[in-house]
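Structure record follows, encoded as structure tokens.
In the numbering used here, the protein residues as written are 34 to 297.
What follows is the structure, given as structure tokens:
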């Protein structure tokens, strides 16, 4: 086995060991806080995981998890596509960029959940209002990262593609999109947790299922263990989504020297 492969393997195992050590530290601190503040304020890890086991057995956790994941995924895809398309359109037209950008930036300051009453009025009670909020949360993240990446693309690459007879679509597909892929993936890394948190908060306000609904219902009934069980599932959903994105990023960016050698 080469020294490079050995170093890579050691690096991977050190990361795994470090993460497990951090998990144990967090569980230790959690248990300590439970003993110090009492069960009404902080549920014990043991009670929380026993509740999760019961929820997994009767299917409750899967029902709420699927509901939250569905709304998050719908909003994530819609927001990602909208943010990318608007950024591409503005990159192609300086006039459009000058006209739209001030309004897009100004609208970022509008609290998205302040729109909840209007969204409920327009779309009713269901997945649609929550999906719209998630879409808006994701849109701005993807738009900012995409437009930043597009403005960083070397103009000479586009000129060369035009000289070689590439159409506008071919230049976008062969030059622009590969160039901004790292930006888009970085945007997704921020957007995914925001999408999940937006879906959960939306479920606090209007829902009949979902992790946010379960957490809020547990809070209203003074079920501290239920609140913490819901938070653990939300955290697991974010971590697993981030892990999948990391695998996708390594695959898509393997051709880049900085990424390919990052583990050495």
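Heads up, the beta-carbon is just placed ideally off N, CA and C, and yes, glycines get one too. What you are looking at is a predicted structure, and each value in this text was computed from that prediction instead of being measured.
For residue 145, there is no enclosing alpha helix (DSSP H), as DSSP marks it with neither H nor E. In the DSSP annotation of this structure, the continuous segment of the alpha helix (DSSP H) that includes residue 94 starts and ends at 93-125. With contacts defined as CB atoms closer than 8 angstroms, residue 94 and residue 158 fail to qualify as a contacting pair.
DSSP, reduced to helix, strand and coil, places residue 74 outside both helices and strands of the structure shown, so it counts as coil. The continuous stretches of alpha helix (DSSP H) do not include residue 243, and DSSP gives it neither H nor E.
Taking all protein chains in view, the Cβ of residue 174 is crowded by 16 or more other Cβ atoms within 10 Å, so the residue is classified as buried. Between residue 242 and residue 97, the CB-CB gap stays under 8 angstroms. CA-CA distance, residue 214 to residue 113, rounds to 13 angstroms. Comparing alpha carbon positions, the residue from 83, 125, 279 closest to residue 179 is 125. Taking a C-beta distance under 8 angstroms as the contact criterion, residue 108 and residue 232 qualify as a contact pair. For residue 160, the CB contacts under 6 angstroms within the same chain, skipping 5 residues up- and downstream, are 104 in chain order. Counting of Cβ neighbours within 10 angstroms places residue 152 among the buried residues, the total reaching 16 or more. Considering only 55, 121, 168, 72, the residue with the shortest C-alpha distance to residue 185 is 121. Apart from sequence neighbours up to five positions away, no residue of its chain approaches residue 268 with a beta-carbon distance below 7 angstroms.
Counting along the chain, residue 175 sits inside the alpha helix (DSSP H) bounded by residues 160-185. In the DSSP assignment, residue 259 falls within the unbroken alpha helix (DSSP H) covering 257-285.
Within the same chain, 225 come within 6 angstroms of residue 274 by CB-CB distance, once the 5 residues on both sides are set aside. For the pair residue 64 and residue 134, the Cα-to-Cα distance works out to about 49 angstroms.
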